[in-house]
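Residue numbers for the first sequence follow this note's numbering, so the first one is 106 and each next one is one higher.
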Amino acid sequence: MAEKPSVPKGTRDFTPEEMLRRNYIFNTIRTVFERYAYVPIETPAMEKLSTLLGKYGDEGDKLLFKVLNSGDYLKKVQDNELAERNPNALVSKISEKGLRYDLTVPFARFVVQHQNELTFPFKRYQIQPVWRADRPQKGRYREFYQCDVDVIGSDSLLNEFELVQIIDEVFTLLNVPVIIKINNRKILLGIAESMGLESQFMNITVAIDKLDKIGEEKVVEELCGFYIDESKAKALLEFFTANGDFISKLQLLKTRLSNSESGQKGIAEIERLWDYFSAANFNAEIELDLSLARGLNYYTGAIFEVKARDVQIGSICGGGRYDDLTGIFGLEDMSGVGVSFGADRIYDVLLQSDRFPEAEMKQSDVLFINFGEKEEAYCLPILADLRKLDLRAEIYPDAAKMKKQMKYADKKQIPWVIMVGEEEMNSGKLKLKNMQSGEEALLTRQEILEKFK
RNA sequence: GUGGAUGUAGCUCAGUAGGUUAGAGCACUGGAUUGUGGUUCCAGGGGUCGUGGGUUCAAAUCCCAUCUUCCACCCCA
């Protein structure tokens, strides 16, 4: 018995209904990106493993999908190596390509590779799927789309501001209330420095990132696990649990981080950014969240994360500044900053909060009922006219029972049906039916074209 | 990667102290209504119970393995 066909774990098919909704999201995002003069690029699904490995930390490396070499992929492997069964040693011999894990690293590669053809600052957007060998859960897939906007080759904070404007504009258009959290890696580094803990910086960021999830006590426990004194761990927490508005948090940082050069820089950056924000008119709520760290270790300056206010689903957009992403590929002094919209999660948010505009989710605008050959010939030119008006118009391909054709229109939620039988052909008036109200009207060809203009 | 749950018709689910032809609702097809959908009524099609082994006279039901989906951790969009 044939097994029921299915797709691999963590991947999905998209039906026409889902695609209409997804395209609504993609189109909205793309429109905003282009409005801010970002240009599109695409990169291959596969990159060389040498491009991908080591850019996302050890955890990230594990989550890379590796592509087996073609042909005899075992030809470089010795028998004794096979017997040792050491996967890490073997992987470099049987695989040299991997599926992209995000769009930022391929973008860095792209910039270095095409540096002489590009005009800097280079502002690009990229909407493509990425793959992670994560264990799937709700809102978490092995194949999902990212919508990235980055600007590279400028360290102006105006770029950060512009990205926040883009975030605000996208979610305003999508009608999703969000909270934009911002922080700065330099401030985090400054906090670590001020306590002589800079060597533990990475561990600290990972631990405090969990603050809202596991609570203060557990975070202290975790910090102590990294050989940090309990007193210092508690002192660290004082920063991250600080309440109050932007000004009061900033004041706390200013007094405590006076001895940290990095901290001072971070404070200056965040202050400047806040000036931009104050002059702007945002719908989103913006919050300085000192416990925001973000896992990816290439971020060096401002970091962002966006959460939906009324749907619980993790972050739906995130990003930050990376001062040296292209350095690994041999191009120094190329500061960049960017954010990534998680289209799949935004989809889930819109669906759960019922925010898809149903009017835009129609598959077809007009259906001609097919009564037979003569009537068909009569309708085809009118159908063509309607299509010229940019309407999505169709004729039922068979002279099937009327009931069946009407049912088709109903299923596809086609708002208008045009019926032309013998009577209509003789009188020269077509019957136009409004499927929602059920009203019918007899109109000439001209009148119908006028109506849909 | 670690731990836990799950899987019966296209969908949502009933059904086990192991025992004839496995059920419902929705969906689908046809009819009532031969030029009218969304409501109603009637009839019908569709499942070797995720897959592969095992125990048993007998397995949807018990055991093992495997895959899927979901949850927590890890990490993250």
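For each residue, glycine too, the CB sits at the ideal point set by N, CA and C.
Just so you know, these numbers come straight off a predicted model, no measurement behind them.
In the DSSP assignment, Pro-192 falls within the unbroken alpha helix (DSSP H) covering 192 to 199. Relative to the Cα of Phe-331, the nearest Cα in the group Lys-315, Ile-309, Lys-286 and Glu-343 belongs to Ile-309. The Cβ neighbour count for Ile-287, taken over all protein chains shown within 10 Å, is at least 16; the residue is labelled buried. In its chain, beyond the 5 residues on either side, Asn-280 have a beta carbon closer than 6 Å to the beta carbon of Arg-460. Counting the other Cβ atoms within 10 Å of the Cβ of Gly-165 gives 16 or more, which makes it buried. Closest in alpha carbon position to Gly-423, among Phe-434, Leu-168, Ile-408 and Ser-532, is Ile-408.
Here Phe-344 carries a helix assignment [DSSP, helix/strand/coil]. Distance from the CA of Ala-498 to the CA of Lys-114, rounded to the nearest whole angstrom, comes to 38 Å. For the region 462 to 544, the continuous alpha helix (DSSP H) assignments of 4+ residues that do not extend past its boundaries occur at 478 to 493, 507 to 516 and 527 to 532, in sequence order. In the structure shown, Pro-226 adopts coil according to DSSP, grouped into three states. Just measuring C-alpha positions, the residue of Pro-226, Gly-295, Pro-149 and Glu-201 sitting nearest Gln-233 is Pro-149. Counting only runs that start and end inside the region 155 to 195, the beta strand (DSSP E) elements of at least 3 residues fall at 171 to 173. Shown here for Arg-377: same chain residues with a beta carbon closer than 8 Å to its own, the five before and five after excluded, namely Leu-262 in chain order.
Cβ neighbours of Tyr-129 within its own chain (closer than 7 Å, five residues either side excluded): Phe-461 and Glu-465. Annotated as distal: Leu-302 and Ser-367, with beta-carbon spacing of 8 Å or more. Take the alpha-carbon of Asp-428 and the one of Tyr-403: they are about 8 Å apart. For the pair Ser-383 and Met-300, the Cα-to-Cα distance works out to about 32 Å. With 16 or more other Cβ atoms from the protein chains shown falling within 10 Å of its own Cβ, Ser-365 counts as buried.
Selection Phe-387, Asn-348 and Leu-208 evaluated against Thr-277 yields Phe-387 as nearest (Cα-Cα).
Annotation for Phe-227: Val-216, Val-256, Ile-257 and Gly-258 place their beta carbon closer than 8 Å to its own, counting only its chain and skipping 5 residues before and after.
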